[in-house]
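Per numbering that gives the first Met the number 0, the very first residue in the sequence shown carries number 0; after that it's consecutive.
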Amino acid sequence: MIFHIVPLADWSAAPGSPYAPGSLAAEGFVHCSADRPTVLAIADSHYREVPGVLLAVELDEAALAAEVRRTGPGDPYPHVHGPLNRDAVIRVWEVVRTPGGPADLAPWQPE
Numbered sequence: 000m001i002f003h004i005v006p007l008a009d010w011s012a013a014p015g016s017p018y019a020p021g022s023l024a025a026e027g028f029v030h031c032s033a034d035r036p037t038v039l040a041i042a043d044s045h046y047r048e049v050p051g052v053l054l055a056v057e058l059d060e061a062a063l064a065a066e067v068r069r070t071g072p073g074d075p076y077p078h079v080h081g082p083l084n085r086d087a088v089i090r091v092w093e094v095v096r097t098p099g100g101p102a103d104l105a106p107w108q109p110e
């Protein structure tokens with residue numbers, strides 16, 4: 000499994016289509032994290048000030064239609080070289096951010 004952090008508004012924009020963030024067009028891949036501790040560290044270091052609801056989409060790496068590349072064994076930052084097909088989603092988490100505290104993940108409860 001791997002994780003990708005995405006604002007709720009972006010994830011919800013086209014629910015019937017694979018998700019393709021701006022990084023896919025700009026850099027040629029989707030940034031991901033290899034595990035829960037890494038995704039939480041990324042949330043703390045890069046997303047603390049991002050407004051709105053953030054999600055951490057947990058993906059079945061084997062079910063992704065696009066190629067997943069790593070720079071080596073144990074690479075904590077895999078790259079997906081194509082859009083994220085939604086049928087590869089195992090679970091969706093809300094990234095819970097508290098002022099001055101570390102981020103955490105909670106099961107996302109869509110409204």
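All C-beta atoms, glycine included, are put in the ideal place defined by N, C-alpha and C.
In this text the structure is predicted, and so the values were computed from the model without any measurement.
Around the Cβ of H3, a 10 Å sphere holds 16 or more other Cβ atoms; the residue is buried. Per DSSP, the beta-bridge partners of E57 are F2 and R90. When rounded, the separation of the alpha-carbon atoms in D86 and E26 is 24 Å.
When DSSP states are grouped into helix, strand and coil, P14 belongs to the coil group. Residues of the same chain with a CB within less than 8 Å of the CB of L104, apart from the 5 flanking positions on each side, are R35, V38, L39, A55, W92, E93, V94 and V95 in chain order. Annotation: Q108 to E48 spans about 22 Å, alpha carbon to alpha carbon.
In the three-state scheme derived from DSSP, where H, G and I count as helix and E and B as strand, H45 is classed as helix.
For A105, the enclosing beta strand (DSSP E) covers residues D103 to P106. Within the DSSP bridge table, the entry for H78 names H30 and R68 as partners.
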